[in-house]
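Line by line, the protein sequences are chains A and B. Residue numbers for the first sequence follow numbering that gives the first Met the number 0, beginning at 0 and rising by one. Residue numbers for the second sequence follow numbering that gives the first Met the number 0, beginning at 0 and rising by one. To keep things clear, I will list the structure first and then write my remarks on it.
Number of protein chains: 2
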Amino acid sequence: MDNKLPTLKEIARRLKFSVSTVSRALHDHPSIGLRTKMQVKQLAKELNYEPNQTALFFKQQKTHTIGVILPNLKEEFFSQAINGIEDVAKINKYSVLIGQSHDDIDQEKQIAIAMKNQRVDGLIVSISKHTKNYDHFISLRKYNIPVVFFDRVPDLPTVHKVASNFNTGTKQAIEFLITKGHRRIGVINGPEEMKSSKERIITYMEVLQKKRIKIDLSLIVTTDLTQVKTFEAMKNLLDLKYPPTAILTINDYVALDAIQYARKSKLKINKDISFVSYANLPIINYLEFPPLASVEQYPYEQAKKATEILFDLFNADNIPDEEEKKYHNILIEGQLIIHKK
Amino acid sequence: MDNKLPTLKEIARRLKFSVSTVSRALHDHPSIGLRTKMQVKQLAKELNYEPNQTALFFKQQKTHTIGVILPNLKEEFFSQAINGIEDVAKINKYSVLIGQSHDDIDQEKQIAIAMKNQRVDGLIVSISKHTKNYDHFISLRKYNIPVVFFDRVPDLPTVHKVASNFNTGTKQAIEFLITKGHRRIGVINGPEEMKSSKERIITYMEVLQKKRIKIDLSLIVTTDLTQVKTFEAMKNLLDLKYPPTAILTINDYVALDAIQYARKSKLKINKDISFVSYANLPIINYLEFPPLASVEQYPYEQAKKATEILFDLFNADNIPDEEEKKYHNILIEGQLIIHKK
DNA sequence: AAAAATAGAACAAACGGTTGCGCTGATTTT
DNA sequence: AAAATCAGCGCAACCGTTTGTTCTATTTTT
Numbered sequence: 000m001d002n003k004l005p006t007l008k009e010i011a012r013r014l015k016f017s018v019s020t021v022s023r024a025l026h027d028h029p030s031i032g033l034r035t036k037m038q039v040k041q042l043a044k045e046l047n048y049e050p051n052q053t054a055l056f057f058k059q060q061k062t063h064t065i066g067v068i069l070p071n072l073k074e075e076f077f078s079q080a081i082n083g084i085e086d087v088a089k090i091n092k093y094s095v096l097i098g099q100s101h102d103d104i105d106q107e108k109q110i111a112i113a114m115k116n117q118r119v120d121g122l123i124v125s126i127s128k129h130t131k132n133y134d135h136f137i138s139l140r141k142y143n144i145p146v147v148f149f150d151r152v153p154d155l156p157t158v159h160k161v162a163s164n165f166n167t168g169t170k171q172a173i174e175f176l177i178t179k180g181h182r183r184i185g186v187i188n189g190p191e192e193m194k195s196s197k198e199r200i201i202t203y204m205e206v207l208q209k210k211r212i213k214i215d216l217s218l219i220v221t222t223d224l225t226q227v228k229t230f231e232a233m234k235n236l237l238d239l240k241y242p243p244t245a246i247l248t249i250n251d252y253v254a255l256d257a258i259q260y261a262r263k264s265k266l267k268i269n270k271d272i273s274f275v276s277y278a279n280l281p282i283i284n285y286l287e288f289p290p291l292a293s294v295e296q297y298p299y300e301q302a303k304k305a306t307e308i309l310f311d312l313f314n315a316d317n318i319p320d321e322e323e324k325k326y327h328n329i330l331i332e333g334q335l336i337i338h339k340k
Numbered sequence: 000m001d002n003k004l005p006t007l008k009e010i011a012r013r014l015k016f017s018v019s020t021v022s023r024a025l026h027d028h029p030s031i032g033l034r035t036k037m038q039v040k041q042l043a044k045e046l047n048y049e050p051n052q053t054a055l056f057f058k059q060q061k062t063h064t065i066g067v068i069l070p071n072l073k074e075e076f077f078s079q080a081i082n083g084i085e086d087v088a089k090i091n092k093y094s095v096l097i098g099q100s101h102d103d104i105d106q107e108k109q110i111a112i113a114m115k116n117q118r119v120d121g122l123i124v125s126i127s128k129h130t131k132n133y134d135h136f137i138s139l140r141k142y143n144i145p146v147v148f149f150d151r152v153p154d155l156p157t158v159h160k161v162a163s164n165f166n167t168g169t170k171q172a173i174e175f176l177i178t179k180g181h182r183r184i185g186v187i188n189g190p191e192e193m194k195s196s197k198e199r200i201i202t203y204m205e206v207l208q209k210k211r212i213k214i215d216l217s218l219i220v221t222t223d224l225t226q227v228k229t230f231e232a233m234k235n236l237l238d239l240k241y242p243p244t245a246i247l248t249i250n251d252y253v254a255l256d257a258i259q260y261a262r263k264s265k266l267k268i269n270k271d272i273s274f275v276s277y278a279n280l281p282i283i284n285y286l287e288f289p290p291l292a293s294v295e296q297y298p299y300e301q302a303k304k305a306t307e308i309l310f311d312l313f314n315a316d317n318i319p320d321e322e323e324k325k326y327h328n329i330l331i332e333g334q335l336i337i338h339k340k
């Protein structure tokens with residue numbers, strides 16, 4: 000097993016050139032003669048020479064790797080997001096290191112530290128549903144590791160982030176339900192820590208006020224996204240004296256659980272009770288009783304944009320510190336998708 | 000921005016020790032005095048010293064990173080598999096680099112090359128559904144990068160692999176259908192390139208023969224896993240003079256499409272026609288008309304086992320080449336899960 | 001023909017850490 | 001008291017590549 004990979008030194012030895020000459024030859028440096036250049040290149044090709052990336056990473060203090068931290072990959076939202084990240088990374092010849100927090104703050108911290116130590120050049124993050132403290136990300140600034148958040152973003156002005164504009168989608172969703180004749184619209188919201196949860200409620204109230212529909216706070220319940228809590232939330236809604244005729248749920252997975260609960264309660268979906276949610280999962284197409292509509296949040300586009308910003312930051316780093324360093328804060332418009340059926 | 004990370008050199012300078020002393024002190028080398036050791040460790044802690052991984056990777060010619068190549072992450076099967084890989088990697092303090100082939104052979108090759116250049120220490124692979132040629136993986140041997148395949152594995156004796164034992168699951172599935180009274184059992188199989196496709200048919204025939212049920216080859220159709228082809232396959236089956244009363248599909252996604260088609264054809268699921276498939280996706284639980292049963296293939300366990308083998312190989316590499324180098328070939332037993340409903 | 005300019009290549013340092021070996025002064029052995 | 005031992009630390013090489021500087025012919029200029 001002659002497992003030794005060819006190095007510049009090896010090429011230099013065979014051709015009786017110096018290592019530096021070989022290096023420059025391969026880089027088409029002007030101070031290398033044509034003959035030499037040809038010889039070097041040919042031998043390099045013969046030997047299948049590939050620069051040792053670990054040496055380069057070390058030398059350049061760059062790893063050409065971006066880290067991605069997100070709650071999990073099993074939600075299709077995030078696996079689609081990965082595609083957006085990968086695509087941009089590939090264009091820039093970067094690799095992607097992925098870590099799942101599984102919505103656990105400690106794991107999130109641990110991964111962030113591991114990625115710092117691995118010397119990733121930058122980080123794309125969608126925070127866990129319980130994260131309230133962002134120190135483990137903020138501290139990366141000391142190491143010049145830029146961080147761009149997407150989808151689940153911290154509620155801080157001093158970070159780069161790309162998120163869905165829940166406002167628009169929520170507005171469309173509620174108006175859609177009102178148009179369909181619904182007046183008692185329930186909401187199964189996410190944990191209060193999540194920025195999107197607050198925004199959803201604000202928009203919900205705004206729309207109802209404008210349409211002069213009385214707001215009933217008992218119609219607003221929360222779930223931590225687990226099935227158990229969603230069932231509880233549904234029970235609370237259905238046990239009301241005047242239960243809602245339509246429910247807005249924080250995402251499609253919650254909607255699925257909610258629908259399941261409604262069916263167990265012998266309710267006719269889309270007749271006794273209708274659902275609208277967020278995410279627009281492909282799986283919806285296979286359901287017998289899907290939500291009436293979903294707010295598409297374009298995970299691919301969000302993640303892609305976040306990654307593009309990250310690469311901008313890599314370059315901006317070289318630019319002398321502008322005093323007023325701008326923080327990117329992009330909103331991707333959601334879009335209500337009405338499911339035909 | 001004092002972005003300079005602390006180095007051994009920095010610690011040595013401040014304490015007026017040599018770099019080597021500092022290095023050894025941090026590693027509890029016996030030839031370093033207690034006083035010195037304490038001083039060094041304290042300052043290291045104060046400065047938040049962390050060894051520069053890129054330097055270590057370079058020096059040790061190891062990246063402590065394993066590469067994973069799989070068709071895609073949006074199939075829950077694979078995102079669960081990732082968890083198995085991550086868990087084992089974490090125990091061994093390894094990072095995980097992920098690449099999706101999107102079932103495209105060229106992308107698969109490209110990723111394999113990129114990972115080789117990144118100097119991953121080893122590779123976990125589930126091949127694309129069209130891959131017939133394995134040179135891009137075999138050639139990694141030259142670079143001493145071990146490869147372990149899982150789930151979708153090459154049909155070669157000279158590779159390490161972990162796969163599902165389709166035999167058992169398929170047998171259970173068909174016998175289950177026969178017990179339910181079905182005599183005309185259709186199969187929507189995968190592309191012939193896939194090893195599992197062949198095995199499925201063999202078992203199918205064996206079971207039918209044993210049960211003395213006549214084999215009708217027109218009941219066996221194939222799909223490339225796309226919806227279009229699955230619909231075509233379904234059409235072929237349903238247009239038969241004596242269409243099947245039950246269908247075995249290669250996986251749950253195909254089953255979903257097949258069920259959708261059957262419903263469009265006004266067939267009553269689980270009455271006019273029943274389905275059994277492979278994978279046992281969680282989503283099944285939300286369906287109104289799920290397959291009767293699914294063969295669970297334990298992606299987490301498969302991937303975990305594959306990764307454990309990979310780490311074994313890392314160590315085995317140091318052992319002098321045994322002439323008879325064994326190739327791992329693990330089969331994980333599938334298990335038919337009958338969906339209650 | 002001597003001086004200046006230039007092309008083409010070599011030298012050497014640097015990135016940060018590990019490690020075999022050698023050095024020094026103190027302690028123990030004979 | 002001289003010799004041997006040893007604890008404790010420094011020196012230097014090395015991993016592969018890049019790059020600023022220097023060197024050496026050769027060519028061009030005057």
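Ideal Cβ placement from N, Cα and C applies to all residues, glycine included.
Rounded separation between A/Gly333 and B/Tyr326 - CA only: Whole-angstrom Cα-Cα distance: 51 Å.
Burial state of B/Met37, where buried means 16 or more other Cβ atoms lie within 10 Å: exposed
Enclosing beta strand (DSSP E) for A/Asn328 [first to last residue]: Asn328 to Glu332
Per-residue burial, B/Asp256 [other beta carbons within 10 Å of its own, 16 or more giving buried]: buried
Interface flag, B/Lys73 vs chain A, CB-CB below 8 Å: yes
Minimum length 4: unbroken alpha helix (DSSP H) runs contained in the region 10–56 of chain A: 18–25 and 33–45
Three-state secondary structure assigned by DSSP to A/Glu287: Three-state result, A/Glu287: coil.
B/Gln301: first and last residue of the uninterrupted alpha helix (DSSP H) it sits in: Pro298 to Ala315
Chain-ordered neighbours of B/Gln117 on chain A, where CB pairs are closer than 7 Å: Gln52 and Ser94
Distance between beta carbons of B/Ile184 and B/Phe148, contact taken as under 8 Å: The pair is not a contact, with the Cβ atoms about 30 Å apart (cut-off 8 Å).
Proximity to A/Val146 [Cα-Cα], best of A/Arg118, A/Phe288 and A/Thr169: A/Arg118
Three-state class that DSSP yields for A/Thr244 in the structure shown: DSSP, reduced to helix, strand and coil, places A/Thr244 outside both helices and strands of the structure shown, so it counts as coil.
8 Å Cβ cutoff, A/Leu4 in contact with chain B: yes
Close beta carbons around B/Asn235, own chain, < 6 Å, minus the five adjacent residues each side: Val220
Positions along the region 282–300 of chain A whose CB lies within less than 9 Å of some CB in chain B: Ile282, Asn284, Tyr285, Leu286, Glu287 and Phe288
Cβ separation of A/Leu286 and A/Val275, assumed to be a contact under 8 Å, to the nearest whole Å: Contact doesn't hold; Cβ gap of about 14 Å is too wide.
DSSP three-state assignment for B/Ile90, whether helix, strand or coil: helix
Helix, strand or coil at A/Val253 [DSSP, three-state]: In the structure shown, A/Val253 sits in a helix (DSSP, three-state: H, G or I).
Minimum Cβ-Cβ distance from B/Thr225 to chain A less than 8 Å: no
Minimum C-alpha distance to A/Lys228 - residue among A/Leu280, A/Tyr252 and A/Asp311: A/Tyr252
From B/Ile84, B/Glu75, B/Tyr241 and B/Pro50, residue whose alpha carbon lies closest to that of B/Leu4: B/Pro50
Sub-8 Å separation of A/Ile336 and A/Asn279 beta-carbons: yes
Local Cβ density within 10 Å of B/Ala254, reported as buried at 16 or more and exposed below that: Burial check for B/Ala254: the Cβ neighbour count within 10 Å reaches 16 or more, so the residue is buried.
Contact set for A/Gln171: own chain, Cβ-Cβ below 8 Å, skip 5 residues either direction: Val294, Gly333, Gln334 and Leu335
First through last residue of the beta strand (DSSP E) which encompasses B/Leu69: Thr64 to Leu69
For A/His159: DSSP bridge partner residues: A/Val147
Check whether A/Glu192 and A/His101 have beta carbons under 8 Å apart: no
A/Glu49 at chain B interface by Cβ criterion, 8 Å: yes
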